[in-house]
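Numbering (full-length UniProt numbering), first residue to last: 1 to 145.
Below, the structure written as structure tokens:
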């Protein structure tokens, strides 16, 4: 094989690696977004259920009509519970909680040997992949990269 054909073949291989990595990253992001959206809806339903429970306790204790002196503190708490908005959920805390559960679930299920293998593989393949990407980009954008 001559040098031009070999360079084109190498560049094609590098571009395929870049495309497959980008596709995997996009699919992972879409799955994470869908899971977080589902968690958000679940939390919203839980909060709406809690608000309904507070309203029923508020009505059962006659807090709005004839509040008993012993129930004033509980009626005030139930009143605060009822005026919450079920749509107000902090998405950032949900994302952090979701990612924390995912990482803990992953790390809790693998052995130390597997974790070491993943770490060594990542640290050795990252520079190789970086060189591949840089080589592919330099072919298209020029050697100034």
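Note that CB positions come from ideal geometry on N, CA and C, so glycine has one too.
{"Item": "Euclidean distance between Cα positions of residue 93 and residue 24", "Value": "25 Å"}
{"Item": "Uninterrupted beta strand (DSSP E) stretches inside the region 83-112 (no shorter than 3 residues)", "Value": "none"}
{"Item": "DSSP state of residue 129 mapped onto helix, strand, coil", "Value": "helix"}
{"Item": "Buried/exposed call for residue 29, threshold 16 Cβ in 10 Å", "Value": "exposed"}
{"Item": "Same chain only: Cβ atoms within 7 Å of residue 86, ignoring 5 sequence neighbours per side", "Value": "44, 47, 48 and 51"}
{"Item": "From 3, 91 and 96, residue whose alpha carbon lies closest to that of residue 40", "Value": "91"}
{"Item": "Among 55, 104 and 129, the one whose alpha carbon lies nearest that of residue 84", "Value": "55"}
{"Item": "Start and end residues, alpha helix (DSSP H) containing residue 54", "Value": "3-60"}
{"Item": "CB of residue 147 within 8 Å of CB of residue 136, strictly", "Value": "Any answer about residue 147 is impossible in this case: the structure gives the chain only from 1 up to 145."}
{"Item": "Backbone secondary structure at residue 63 - three-state DSSP", "Value": "coil"}
{"Item": "Exposure of residue 58, with buried meaning 16 or more beta-carbon neighbours within 10 Å", "Value": "buried"}
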